[in-house]
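Residue numbers (full-length UniProt numbering): 1 to 228.
Beta carbons are placed, not taken as given, at the ideal position from N, Cα and C, and that holds for glycine.
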Amino acid sequence: MVFKSKKGDIAGNALVVANVDRFNMVKNKLSDIKLVNDFMGYYTYTGFYENKRLTLSWSGIGNTSLALDTLELYKLGAKNIIRFGSTASINKNIKPGSYVMPISYSHNNGGLFNEEIKDNLSISLSADYDLLKKFDLNLKDYEHYITDAFTTDSQKVRTNEFIDKLNKLGIDNLDMEGSALYLNSKLYNFKALSVLTVYSNLITGESLSLEEIREKEEILFKIIVDSI
């Protein structure tokens, strides 16, 4: 157990965030905010934004940490869990500053996935379609893509050879936590979606400045609230 919260502390709609600057940006926008968990560094707040009750939770870095966080959120009442995050594009046509929503995730075998599934099965790690449709509609005025993504929390795999291999398999972008979110959504039957800002393109070498990141994430936060 990583939460000391109780039933009723967690809203039906929850945002999970790993980046501290992004976490604080969202926290500062919530009104009537209450700290509902600070156990083991998993800081979680519940408050309101434009009359919508939201829970904001720091997920930590990597699949295992996010898996712990989102399972606790689900057990305490979260129905829709959105990963408000970032990603690196490995598709030359998906530029920094655009938004992506992975419809599916691939990942390396082993570790968390073998331990959770406990069988020689391949579970389809896919987004909730209703959430995906709504976000796709609400992002219509912004450059955005529905992608096939790959999760890895190891920086060592980001070699040109590995990226080329993923390209040939139709993978568009890399992130560090998304596959664990989609795995938990299948195991525990809640709705989930990753909504990500493209920070950089590993093919072209382009990237956003800190100011551009803040601007893009301010926009995306409002889209998220309108879509849940």
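Gly170 counts as exposed, since fewer than 16 other beta carbons sit within 10 angstroms of its beta carbon. Across the structure, Lys29 and Ile224 are spaced so that their CA atoms are roughly 13 Å apart.
The three-state reading of DSSP puts Asn167 in helix, counting H, G and I together. For Thr147, the uninterrupted beta strand (DSSP E) run begins and ends at 144-151, by DSSP. Listed as beta-bridge partners of Val100 by DSSP are Tyr145, Leu196. Residue pairing of Asp175 in beta bridges, as defined by DSSP: Thr151.
Bounds of the beta strand (DSSP E) holding Asn37 are 31-37. About 18 Å separates the CB atoms of Thr197 and Lys92; that is not less than 8 Å, and the two are not in contact. When the alpha-carbon of Tyr199 is set against those of Asn184, Lys216, Phe150, Lys134, the nearest one is in Lys216. Assignment of beta-bridge partners to Ile228 by DSSP yields no partner.
Under the 8 Å Cβ criterion, the region 94-103 does not count as touching the region 61-70, having fewer than three qualifying pairs. The Cβ neighbour count for Ile81, taken over all protein chains shown within 10 Å, is at least 16; the residue is labelled buried. In the DSSP annotation of this structure, the continuous segment of the beta strand (DSSP E) that includes Ser86 starts and ends at 80-89. Taken atom to atom, the span from the alpha-carbon of Lys133 to that of Ser154 is near 31 Å. Contact check for Thr87 and Asp175: beta-carbon distance about 4 Å, within the 8 Å limit, so the pair qualifies.
Just measuring C-alpha positions, the residue of Ser57, Lys6, Glu211, Asp141 sitting nearest Val20 is Ser57. Per DSSP, Lys92 lies in no beta strand (DSSP E) segment and is marked neither H nor E.
Beta-carbon to beta-carbon, Ala78 and Ile10 are separated by about 5 Å, close enough to satisfy the 8 Å threshold. With a cutoff of 8 Å on beta-carbon distance, Ser179 and Thr159 are scored as not near each other.
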